[in-house]
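Going from the sequence shown to my numbering is simple: count from 1 and add 67.
C-beta: ideal position from N, C-alpha, C; glycine also.
Note that this is a predicted model, so its numbers are computed, not measured.
First the structure, in the form of structure tokens, and then the observations on it.
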Amino acid sequence: MVRKLTERLMSFLSDQSETPLLTDEDEIEYCLSCSHKLIESELYQIYRVCPSCRFHHNLTAREHIDAIIDEGSFREFNKAIISTGSLSFSSRPPQRKKLAREQRLTGLTEAVVTGKCLIGGQAAIILSLDFRFVSGSLGGIVGEKVALAFERATRTKLPVIAFITSGRTIVKENIMSTMQMAKVTFAINDLASKGLPYVAILGNPTTGHIYSSLARPADIIIAEPQALLGLAPLKGQLSDQDHIDVNNTYTSSAYMSRGMVDRIEDRENIRNLLSVFLRIASSTMRPKRTSNSKMDNIAELSQSNQGGHLGLNGQTLEELWPQSWNAVGISRSSDRPTSLDHIKRGFTNFIELHGDRLYGDDPSIVAGLGFIGNNAIGIIGHEKGHELTAWQRRGGRTMPEGYRKAQRLMSLAGKLRLPLITLIDTPGPYYGRESEERGIGDSIASTMSLMAQYPAPTIAAVIGEGGSEGALALGIADRVMMLENARYSITIPVSAAETLHSDLPKEEIYTEPLTLTARECRELGIIDVIIREPVDGAGRHPDEASVYLTGGLQHELNILLKRNSYRLPRNRYRKYRKIGEYSSYFKIAVAAEASQLQGFVTRGVRLMRKRRRAGKISQKPDKSS
68 MVRKLTERLM SFLSDQSETP LLTDEDEIEY CLSCSHKLIE SELYQIYRVC PSCRFHHNLT
128 AREHIDAIID EGSFREFNKA IISTGSLSFS SRPPQRKKLA REQRLTGLTE AVVTGKCLIG
188 GQAAIILSLD FRFVSGSLGG IVGEKVALAF ERATRTKLPV IAFITSGRTI VKENIMSTMQ
248 MAKVTFAIND LASKGLPYVA ILGNPTTGHI YSSLARPADI IIAEPQALLG LAPLKGQLSD
308 QDHIDVNNTY TSSAYMSRGM VDRIEDRENI RNLLSVFLRI ASSTMRPKRT SNSKMDNIAE
368 LSQSNQGGHL GLNGQTLEEL WPQSWNAVGI SRSSDRPTSL DHIKRGFTNF IELHGDRLYG
428 DDPSIVAGLG FIGNNAIGII GHEKGHELTA WQRRGGRTMP EGYRKAQRLM SLAGKLRLPL
488 ITLIDTPGPY YGRESEERGI GDSIASTMSL MAQYPAPTIA AVIGEGGSEG ALALGIADRV
548 MMLENARYSI TIPVSAAETL HSDLPKEEIY TEPLTLTARE CRELGIIDVI IREPVDGAGR
608 HPDEASVYLT GGLQHELNIL LKRNSYRLPR NRYRKYRKIG EYSSYFKIAV AAEASQLQGF
668 VTRGVRLMRK RRRAGKISQK PDKSS
């Protein structure tokens with residue numbers, strides 16, 4: 068496939084050729100990848116996608132736009148801006164002659180088309196690059212039109228959608244072409260500063276200056292299947308085919324595995340995806356009530372702290388050990404619903420995002436945007452998987468790239484002012500050499516910092532295991548909930564017991580799991596709400612368990628959305644500031660000192676009143692005189 072595509076692209080890039088790529092009917096009769104006949108294919112006629120091998124052939128700029136917008140909604144602007152070709156740094160014909168030829172062959176004035184449109188009824192600024200026009204290269208006019216499009220989006224408070232295909236840089240413009248990267252970067256940063264989203268769809272190919280300046284800064288990067296990507300110019304990539312594996316280096320699937328791309332989507336699915344995302348981006352933090360008949364099943368099972376800090380309702384910790392050990396087994400059960408299970412059952416229009424834009428995509432963390440009821444939210448959760456996928460997800464043990472993926476989602480959701488829901492189910496972070504080398508400690512610390520400072524309401528729900536700092540990284544929230552049979556602990560209970568009681572036989576160690584059940588966590592003020600599970604546990608009745616969880620999340624979210632968002636980080640700090648003060652020496656000392664001070668003030672006031680009364684008596688006149 069790559070060899071056939073190489074021949075087509077190389078012939079197009081030749082200055083001797085005046086035939087645009089994939090426009091002649093004889094050239095597009097057969098698929099470039101599998102040679103399948105295409106002329107009678109409806110899928111190819113509409114989307115230029117081969118029905119046999121799913122190879123995505125190039126679309127023109129206007130075809131890209133027409134494929135996703137609401138019919139008749141596109142309004143082009145800045146069409147009259149054209150290049151004069153004033154710069155020429157070679158002995159070849161002046162740039163203006165080549166541009167005139169490209170304009171005549173393509174019917175375009177420049178390599179990019181910009182305008183305003185509607186996608187699923189949502190307004191957006193759209194720009195689309197055309198590979199036929201000087202390979203979609205970044206030149207002075209392209210950079211100007213792109214910057215103007217972003218500036219208009221910032222001014223009108225609209226999101227930006229970009230279709231990108233580019234093969235190289237306009238060498239004849241020399242450093243002037245490179246300077247366009249800085250211009251585009253400033254325009255994108257201004258858009259981001261206003262909290263407006265930017266989505267880039269990368270076609271085949273997306274390389275050179277366009278990739279680094281226009282594609283990479285996007286909030287969401289969607290790549291078409293088998294697209295060639297990278298900073299290296301297209302000619303450089305194609306010349307490397309003899310000594311590198313292009314499919315494992317420059318393709319969209321390779322970039323997906325390295326965490327550089329959020330999604331790989333077929334062309335016919337992109338419109339629906341963008342429509343959902345724009346609805347999410349346009350949502351506000353206003354509470355939107357969602358009726359739920361199961362809301363009454365949410366129960367706060369722990370009401371007071373009458374039983375002390377080591378027990379519940381008069382029970383000692385020794386008496387609770389059997390209950391704790393039972394909770395450990397239930398929370399680690401293989402049939403217990405995972406984060407993805409709850410998301411599929413209780414959330415709608417979920418858009419999963421992948422990768423940390425740095426190293427890779429950790430499958431133990433699932434992150435994305437969606438709806439719970441009528442409220443748009445950001446969703447992050449630990450994911451253990453089931454059976455065949457459990458080993459890939461390492462049983463929910465998270466690598467640094469997983470936490471960095473969570474940070475990316477937090478930044479995007481916070482930028483859109485969306486509430487954040489986290490689902491916690493992990494025995495702890497992944498401890499290992501590769502994890503340490505990639506900065507597991509820093510990734511956890513920075514994730515906790517983002518959670519603490521998140522600008523919108525946050526809710527954390529412990530749905531299974533809550534192990535150590537791996538759980539806490541996603542557990543700093545305005546409201547913390549916990550399923551009835553979930554657990555929270557410093558580490559795996561057995562490991563903790565072995566550490567504390569290494570001198571005891573293993574059979575005695577295993578009878579003392581160091582864990583905190585939902586009841587104990589509620590008593591200690593670690594969590595706020597306990598969510599009831601079905602009688603036989605969430606594993607036996609997953610649908611019912613998801614209903615209880617979703618209902619609890621909706622209930623708490625409606626409460627939080629009514630509060631002042633500017634006070635949320637401060638109130639969040641006060642919440643966690645109180646944890647651990649119940650029996651501290653500091654609190655006792657302060658209380659004693661306050662009591663002494665109050666007694667001193669009381670005695671002083673009494674003395675002053677006594678003296679005042681004595682003075683008034685001495686000043687009374689003698690009636691006998």
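About 6 angstroms separates the Cβ atoms of LEU627 and ASP545, confirming a contact at the 8 angstroms cut-off. Within the DSSP bridge table, the entry for ARG546 names ILE526 as partners.
With 16 or more neighbouring CB atoms inside 10 Å of its own CB, LEU99 falls in the buried class. Considering only GLU211, GLY262, ASN315, LEU420, the residue with the shortest C-alpha distance to MET243 is GLU211. Cβ-Cβ distances below 6 angstroms link GLY462 to LYS451 in the same chain, with the five nearest sequence neighbours on each side left out; the list follows chain order. Fully contained in the segment 584–648 are the following beta strand (DSSP E) runs of length 3 or more, in chain order: 596–598. For PHE438, the CB contacts under 6 angstroms within the same chain, skipping 5 residues up- and downstream, are THR415, ASN416 in chain order.
Under the three-state reduction of DSSP output, ASP509 falls in the helix class. ASP408: member of the alpha helix (DSSP H) spanning 406–413, first to last residue. Three or more Cβ pairs drawn from the segment 506–516 and the segment 537–556 lie within less than 8 angstroms of each other, which places the two stretches in contact. Boundaries of the beta strand (DSSP E) harbouring THR493: 487–493, taken from the DSSP string. Of ILE597, HIS453, ARG222, the smallest CA-CA separation from PRO404 is found for HIS453. Inclusion of ASP286 and TYR317 in the CB contact set at 8 angstroms is not warranted, their separation being larger than that value. The secondary-structure analysis by DSSP pairs ALA229 across a beta bridge with LEU194, ALA267. Burial check for ILE646: the Cβ neighbour count within 10 Å stays below 16, so the residue is exposed. When DSSP states are grouped into helix, strand and coil, TYR97 belongs to the strand group. Looking at the DSSP output, PRO496 bridges to THR465.
Where ARG554 is concerned, there is no enclosing alpha helix (DSSP H), although the beta strand (DSSP E) around it starts and stops at 554–556. Comparing C-alpha distances from SER510 to each of GLY270, SER324, GLY531, ARG475 shows the shortest one belongs to ARG475. Its chain contains ILE135, ILE268, ILE289 as the residues whose beta carbon lies nearer than 7 angstroms to that of ILE337, once the 5 sequence neighbours on both sides are disregarded; these appear in chain order. In the DSSP assignment, LEU175 falls outside any alpha helix (DSSP H) and carries neither an H nor an E.
Distance from ALA519 to VAL547 at the Cβ level is roughly 13 angstroms; contact not present, criterion being Cβ atoms closer than 8 angstroms. By the criterion of a C-beta distance shorter than 7 angstroms, ALA348 is surrounded in its chain by PRO226, PRO264, LEU483, once the five residues flanking it on both sides are discounted. In this structure, ALA523 and SER350 do not form a Cβ contact; the two beta carbons are roughly 11 angstroms apart against a cut-off of 8 angstroms.
Judged by beta-carbon spacing, LEU345 lies beyond the 8 angstroms limit of GLY206, meaning their Cβ atoms are not closer than that value. Closest by C-alpha distance to TYR426, out of GLY537, VAL328, ARG334, is VAL328. Distances from the alpha-carbon of LEU258 to those of SER280, GLY234, GLU218, ILE418 put GLU218 closest. The beta carbon of PRO467 is closer than 7 angstroms to those of SER502, ARG505, GLY506, ILE507, SER510 in its chain, skipping five residues each way along the sequence. When DSSP states are grouped into helix, strand and coil, ALA434 belongs to the strand group. Spatial neighbours of GLY495 in its own chain (CB-CB distance under 8 angstroms, excluding positions within 5 residues in sequence) are listed in chain order as ARG464, GLY534, SER535, GLU536, GLY537, ALA538, THR558, ILE559. In the three-state scheme derived from DSSP, where H, G and I count as helix and E and B as strand, ALA443 is classed as strand. In this structure, the CA atom of GLN112 is about 12 angstroms from the CA atom of GLU335. With a contact defined as Cβ atoms closer than 8 angstroms, VAL251 and ALA214 qualify at about 6 angstroms.
Contact between GLY422 and VAL433 is ruled out by a C-beta separation of about 12 angstroms, above the 8 angstroms threshold. 8 angstroms or more divides the Cβ of LEU175 from the Cβ of ALA216.
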